[in-house]
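Please read the structure below before turning to the comments.
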């Protein structure tokens, strides 16, 4: 097995200045407010810890809404895939896809669920406007070489101290990915209309049966199930085919996987293939499919979000959905595909019809964005891709037990169109003050009364992950990594400490001690 070396530390540049900008949800021209930082590089563990504190990335820009001031508070939401059961509307979407693949049938019914795509690009458009105004003097190449040299010298010091102490550290969690399918019948269904009250029996319903008779029937079925194995042996001894065995009825509902991967006939009308591709131009498959993927993105943005074609160029596409600060990691105990950012491509009959952008992190699959061909809107590809991502997370969990959550981005209760994410149950919302997870059912009554809420009901609870020791915060200054306690002896601006403390409280003590905060 190939050896794996620990990744370089994350390098971020925190923006202290904030202004209100256009909101992509309520369309308020000056209502959106968030903290932001530019991530030159980031480890998957750091990003996992950041999203567990309300952060989220758009390209290499990482932002955190100022929850008690922004017009549309955005609560991080995660689903529990291991306990997930598809709803009736989810099953309709899965059946609809299967009908289309098997027979080419197109349903005219629309799914009630909102598509699982994010308006994140709109939500952070104002932040990008701010970034473009900033004079970022960092030269990435210079930074990278400086950082590498600094880290190498640090590692040599660590090795010496480790030899003296005889201690070891480093446990890296794991992550993975995959996706699944959906469908619904398109043919008309004859519906029997029952008689009016008092006008006779309803022939569409089974005849009434006595309770005693029903108990006998249940007992008989139970005995059949218990004797199924013995009956099979007896039938085989008599030379009878197993197909003649009485089939025991199961009360268990079909699993998500059963619904997604139901067998198709050999002469199926269409073929759907889902490919997982690293979001990197160094990957040949990503590179070869880039033009087709970009064309699909532009088509989607213009048709669905009414963007002007000039706003959907390759530069915007690359910055938003291809560039990622996450460093690809391939630990021995991790998934075969490794950790990092990926494009999940849905190929229908040899062409891409949808792309789900996801991050595979130590404890979750995190959905970033989805874009699809508007010509296939009848397949409810937003819901379909979400169900496949949930099933994919379950698949990854089989190998990596700690990877057991599916992060859907932000839940925005104050925006009715963005409430659909709450339909994927069971799910939790992140408390914006104490950063503990609370079941969404407990949060909704409070959100009905106020758009900003503290979900933790313990009034004495505080943010346990906040900064407790500012001197231990790591910074990158003059081509060298150092603790803030050393750096502050060289600084001239007394107000800088307030900005560093704000950053440390927002990212938390753990991240602030691992990540490098760039300082001019």
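Residue numbers (the UniProt record's numbering): 1 to 520. The C-beta atom is built at its ideal place from N, Cα and C for all residues, glycine as well.
Ordered along the chain, which non-local residues of its own chain (more than five positions away) have a Cβ less than 8 angstroms from that of residue i?
i	result
residue 272	97, 101, 181, 346, 347 and 348
residue 269	100, 101, 102, 103 and 104
residue 483	471, 472, 473, 474 and 475
residue 283	277
residue 454	431, 432, 433 and 434
For residue i, which of helix, strand or coil comes out of DSSP?
i	result
residue 5	coil
residue 348	strand
residue 488	coil
residue 310	helix
residue 343	strand
residue 305	coil
residue 336	coil
residue 262	coil
residue 453	coil
residue 403	coil
residue 27	coil
residue 409	strand
residue 79	strand
residue 472	helix
residue 61	strand
residue 419	helix
residue 502	helix
residue 366	strand
residue 372	strand
residue 518	strand
residue 319	helix
residue 496	helix
residue 291	helix
residue 21	strand
residue 257	helix
For residue i, count neighbouring Cβ atoms within 10 angstroms of its own Cβ and tell me buried if that reaches 16, exposed if not.
i	result
residue 310	exposed
residue 531	Lying outside 1 to 520, the shown extent of the chain, residue 531 is not represented and no answer is given.
residue 287	exposed
residue 265	exposed
residue 281	exposed
residue 56	buried
residue 77	buried
residue 398	exposed
residue 382	buried
residue 373	buried
residue 81	buried
residue 490	exposed
residue 60	buried
residue 344	buried
residue 486	exposed
residue 356	buried
residue 332	exposed
The beta strand (DSSP E) that contains residue i, what's its start and end?
i	result
residue 427	427 to 430
residue 351	351 to 360
residue 509	Looking at the DSSP string, residue 509 is not in any beta strand (DSSP E); the run it does join, the alpha helix (DSSP H), is 509 to 514.
residue 439	437 to 439
residue 13	11 to 15
residue 273	272 to 278
residue 36	34 to 41
residue 482	480 to 483
Along the alpha helix (DSSP H) that carries residue i, what are the first and last residues, could you check?
i	result
residue 100	88 to 103
residue 284	284 to 288
residue 577	A query on residue 577 cannot be resolved here, the shown segment of the chain reaching from 1 to 520 and no further.
residue 47	44 to 51
residue 464	Per DSSP, residue 464 belongs to no alpha helix (DSSP H) and is neither H nor E.
Since residue i and residue j should fall inside the 8 angstroms C-beta cutoff, what is the C-beta to C-beta distance between them, to a whole number of angstroms?
i	j	result
residue 525	residue 389	This structure cannot speak to residue 525, because the chain is shown only from 1 to 520.
residue 504	residue 473	5 angstroms
residue 40	residue 11	4 angstroms
residue 84	residue 424	7 angstroms
Within the same chain, show all residues whose beta-carbon is closer than 6 angstroms to that of residue i, passing over the 5 residues directly before and after it, in chain order.
i	result
residue 434	456, 461 and 463
residue 341	279, 324, 326 and 359
residue 410	74
residue 190	Annotation note: pLDDT 34 at residue 190 (below 50); position unreliable, coordinate value reported separately. Closer than 6 angstroms at Cβ, skipping near neighbours: no residue.
residue 178	No answer about residue 178 holds up, because its pLDDT of 38 lies below 50 and its placement is not dependable.
residue 86	256
residue 28	71
Within its chain, find whatever has a CB closer than 7 angstroms to the CB of residue i; leave out the 5 residues flanking it on each side and keep chain order.
i	result
residue 7	43, 327 and 329
residue 20	30, 31, 32 and 33
residue 419	413
residue 262	98
residue 378	106 and 107
residue 468	509
residue 501	467 and 470
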